[in-house]
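Notes to accompany the following structure.
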Amino acid sequence: MKNLIAANWKMNPNSQKEAKEIFFAIVGPASGWDGVEVVICPPNIYLPVLKNIAMSDVALKLGAQNIYFEDKGAFTGEISVAMLTDLGVEYVIIGHSERRKYFGETDETVNKKIKMALASGLKIIFCVGETAGERDAGKKNEVLERQLKIGLLDIENLKLKIENLAIAYEPVWAIGTGNNCSVEETSASIKIIKEKLALSEVEGQVRVLYGGSVKSENSGAYIKEAGVNGLLVGGASLNAEEFVKIVKSAE
1 MKNLIAANWK MNPNSQKEAK EIFFAIVGPA SGWDGVEVVI CPPNIYLPVL KNIAMSDVAL
61 KLGAQNIYFE DKGAFTGEIS VAMLTDLGVE YVIIGHSERR KYFGETDETV NKKIKMALAS
121 GLKIIFCVGE TAGERDAGKK NEVLERQLKI GLLDIENLKL KIENLAIAYE PVWAIGTGNN
181 CSVEETSASI KIIKEKLALS EVEGQVRVLY GGSVKSENSG AYIKEAGVNG LLVGGASLNA
241 EEFVKIVKSA E
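Numbers 1 to 251, taken from our numbering, label the letters of the sequence shown in order.
Here is the structure:
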């Protein structure tokens with residue numbers, strides 16, 4: 001299974017022109033990326049125009065940063081799975097710590113979204129991770145176990161769709177701070193995640209990623225030494241040259 005490198009642009013950039021420039025700069029080298037799967041997750045407003053560009057390059061796939069757990073209806077500001085699949089979007093990020101922190105998403109809400117995405121055939125990047133306070137209090141294991149248990153609760157036939165699930169370990173204290181998690185600590189956390197999911201028999205089908213201040217200087221170490229199957233890249237993915245270096249380190 002190929003390593004997965006996902007770019008989370010968050011609420012950036014501020015114009016369609018900038019979005020296209022970044023995307024075009026990534027498309028150029030993408031034709032040579034045979035050993036890695038690359039997903040770009042821009043703001044929803046840029047998905048249609050970037051999809052038109054991506055159609056000519058199968059090496060790049062598009063993802064969304066969020067979905068709602070209802071099919072349709074009076075849910076102002078939300079986007080449905082059907083809207084995304086109609087655009088040809090293949091991936092969605094669910095449970096990101098910024099959604100939990102700023103928009104009050106709970107583990108239960110995350111579970112509803114995961115069920116909706118799995119039912120639709122969307123591929124999921126399910127984010128888990130502890131805050132600085134939880135880490136300092138020695139509660140990391142407890143937090144990861146809770147997020148995984150509730151997030152994946154009552155998902156029927158999970159193993160039949162296991163290839164549609166990737167789990168991104170993103171320690172909240174490392175996101176956007178420049179203080180990336182050490183390779184050793186990341187490796188320990190990845191082991192915890194795999195143990196809690198009892199994925200030993202299907203480990204080759206489920207990719208576990210790392211995210212949190214990923215840069216080209218440290219990306220290779222995570223892939224080669226921490227036991228991860230890819231990376232979820234935030235701010236560095238807005239710099240096309242830097243992002244291309246990160247992708248190449250994962251090939």
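Think of the CB as a built atom: it goes at the ideal place given N, C-alpha and C, for glycine as much as any other residue.
Since we're looking at a predicted model, the values are computed, not measured.
Item: Just to confirm the assignment: which complete alpha helix (DSSP H) runs, minimum length 4, are found wholly within the segment 92 to 128?; Value: 97 to 103 and 107 to 120
Item: With a Cβ-Cβ cutoff of 8 Å, do residue 38 and residue 61 count as a contact?; Value: yes
Item: What three-state label does DSSP hand residue 167 in the structure shown?; Value: strand
Item: Using 8 Å as the threshold, is the C-beta distance between residue 151 and residue 110 below it?; Value: yes
Item: Specify the secondary structure class of residue 230 as computed by DSSP and reduced to three states.; Value: strand
Item: Could you compute how far the alpha carbon of residue 217 sits from the alpha carbon of residue 210?; Value: 14 Å
Item: So, with DSSP's three-state summary, where would you put residue 38?; Value: strand
Item: Out of 41, 99 and 102, state which residue places its alpha-carbon closest to the alpha-carbon of residue 89.; Value: 41
Item: Can you look up residue 210 in the DSSP assignment and give me helix, strand or coil?; Value: strand
Item: Using CA atoms only, rank isn't needed, just tell me which of 124, 12, 74 and 16 is closest to residue 48.; Value: 16
Item: Closest by CA to residue 25, which one among 4, 54 and 1?; Value: 54
Item: Can you tell me whether residue 200 is helix, strand or coil according to DSSP?; Value: The predicted model places residue 200 with a pLDDT of 41, which falls under 50 and marks its position as unreliable, so this point remains unresolved.
Item: Please state whether the Cβ-Cβ distance between residue 174 and residue 180 is less than 8 Å.; Value: yes
Item: How many Å lie between residue 102 and residue 186 at the Cα?; Value: 25 Å
Item: For residue 242, collect the residues of the same chain with a Cβ closer than 8 Å to its Cβ; drop the 5 residues on either side in sequence, then sort them by chain order.; Value: 215, 216 and 236
Item: Would you say residue 30 and residue 59 are within 8 Å of each other, going by their C-beta atoms?; Value: yes
Item: Just to confirm, is the Cβ distance from residue 80 to residue 67 under 8 Å?; Value: yes
Item: Using CA coordinates, which residue listed in 233, 169, 197 and 119 is at the minimum distance from residue 226?; Value: 169
Item: Can you check whether the CB of residue 74 is closer than 8 Å to the CB of residue 44?; Value: no
Item: Using a Cβ-Cβ distance cut-off of 8 Å, determine whether residue 10 contacts chain D.; Value: Among the chains of the structure shown, chain D does not appear; only one protein chain is present.
Item: Any idea what DSSP makes of residue 2, helix, strand or coil?; Value: coil
Item: Within the same chain, show all residues whose beta-carbon is closer than 6 Å to that of residue 20, passing over the 5 residues directly before and after it, in chain order.; Value: none
Item: Take residue 127 and list the residues in its own chain whose beta-carbon comes closer than 6 Å to its own, dropping the five residues that flank it on each side.; Value: 95, 96, 168 and 170
Item: To the nearest angstrom, how far is it from the Cα of residue 116 to the Cα of residue 161?; Value: 13 Å
Item: Whole-angstrom Cβ separation of residue 165 and residue 124, contact assumed at under 8 Å?; Value: 5 Å
Item: Reducing DSSP to helix, strand and coil, say where residue 60 ends up.; Value: strand
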